[in-house]
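Peer 1:
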Amino acid sequence: DAGITQSPRYKITETGRQVTLMCHQTWSHSYMFWYRQDLGHGLRLIYYSAAADITDKGEVPDGYVVSRSKTENFPLTLESATRSQTSVYFCASSESWTATNEKLFFGSGTQLSVL
Amino acid sequence: QQQVKQSPQSLIVQKGGISIINCAYENTAFDYFPWYQQFPGKGPALLIAIRPDVSEKKEGRFTISFNKSAKQFSLHIMDSQPGDSATYFCAASMETSGSRLTFGEGTQLTVNP
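As they're listed, the protein sequences go chains A and B. The working numbering applies: residue 6 is where the first sequence begins, and numbers increase by one. The working numbering applies: residue 1344 is where the second sequence begins, and numbers increase by one.
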């Protein structure tokens, strides 16, 4: 029962490089999300997806790109990394959202440092 | 703009004491208010949640109190234990946003033995 897994666990990169963070879930959940966690800001939504090939912007999408060709995968790409993108990134998933089934399942996170 | 504001940023409580974390929201369309618990090196996990049709929900030592008129809700941890030491996030969502949660800034709770 793997659940939701993120890779890599830690990543160090340089300003201007392209970086891709991976997210894989084994539950076939419809919804997937990317959040970034920064001290003083809590968790902020970057992008989300309601199904394969359906994605939409969240609160802080600038500088990020996502794709979802398969239900189980939701990679997040930083096209040209900046120091302000140094953060801990969390992927999450959920089943269809109903009044009796409202729960996000989070991965363990990717700690990204941009030098 | 932060639609859900959480306080305090950090909290230290003695074992057996009561931990109280507060959140305030701005958007009256919010209709679902969960609390997530995060241990170091892990992702957040749902702890307890409430809808505005009730003023209180209790699960074990954890209680959410909800004040709709004041647009505030709080988490109370009774008989706090060292194992409760974690970061706690309040959050809110509305029916039209589905599973898109807006999170507070987080509270780092330390329970001393």
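Idealized CB from N, CA, C, for every residue including glycine. Here the structure is a predicted model, which means the values were calculated and not measured.
DSSP three-state label for Ser-1442 (chain B), please.
Peer 2: coil
Peer 1: Just to confirm my understanding: we take Glu-1369 (chain B), look at its own chain, exclude 5 residues before and 5 after, and list those with CB closer than 6 Å. What are they?
Peer 2: So the list reads Gln-1346, once near-sequence residues are dropped.
Peer 1: Please name the residues in the region 1358-1387 of chain B whose beta-carbon is closer than 9 Å to at least one beta-carbon of chain A, in chain order.
Peer 2: Within the region 1358-1387 of chain B, the qualifying residues are Tyr-1375, Pro-1377, Tyr-1379, Gln-1381, Gly-1384, Lys-1385, Gly-1386 and Pro-1387.
Peer 1: What are the start and end residues of the beta strand (DSSP E) that includes Val-65 (chain A)?
Peer 2: No beta strand (DSSP E) contains Val-65 (chain A), which DSSP labels as neither H nor E.
Peer 1: For chain B, check one thing: does any of its Cβ atoms lie closer than 8 Å to the Cβ of Leu-50 (chain A)?
Peer 2: yes
Peer 1: In chain A, which residues lie with their C-beta within 7 Å of the C-beta of Leu-1444 (chain B)?
Peer 2: Leu-109
Peer 1: Select from the region 17-46 of chain A all residues with a C-beta closer than 7 Å to any C-beta belonging to chain B, and list them in chain order.
Peer 2: Tyr-36, Gly-45 and His-46
Peer 1: Contact defined as beta carbons within less than 8 Å: I believe Tyr-36 (chain A) pairs with Arg-49 (chain A). What is the distance between those atoms, to the nearest angstrom?
Peer 2: Not confirmed; about 17 Å, so no contact.
Peer 1: Would you kindly report the start and end of the unbroken beta strand (DSSP E) that includes Arg-41 (chain A)?
Peer 2: 36-43
Peer 1: Closest Cβ-Cβ distance between Tyr-15 (chain A) and chain B: below 8 Å?
Peer 2: no
Peer 1: Check each candidate in A:Ala-56, A:Thr-87, A:Phe-95 and A:Tyr-52 and name the one with the smallest Cα separation from Glu-77 (chain A).
Peer 2: Distance check between Glu-77 (chain A) and each of A:Ala-56, A:Thr-87, A:Phe-95 and A:Tyr-52 places A:Ala-56 closest, using alpha-carbon atoms only.
Peer 1: Run down chain A in chain order and give the residues with a C-beta less than 8 Å from the C-beta of Phe-1432 (chain B).
Peer 2: Listed by position along chain A, the residues whose Cβ is nearer than 8 Å to that of Phe-1432 (chain B) are Gly-47 and Leu-48.
Peer 1: Using only the alpha-carbon positions, how far apart do Cys-1366 (chain B) and Lys-62 (chain A) sit?
Peer 2: 25 Å
Peer 1: In the DSSP assignment, find the beta strand (DSSP E) that holds Phe-1416 (chain B) and state where it starts and stops.
Peer 2: Residues 1415-1420.
Peer 1: Select from the region 1387-1398 of chain B all residues with a C-beta closer than 9 Å to any C-beta belonging to chain A, and list them in chain order.
Peer 2: Pro-1387, Ala-1388, Leu-1389, Ala-1392 and Arg-1394
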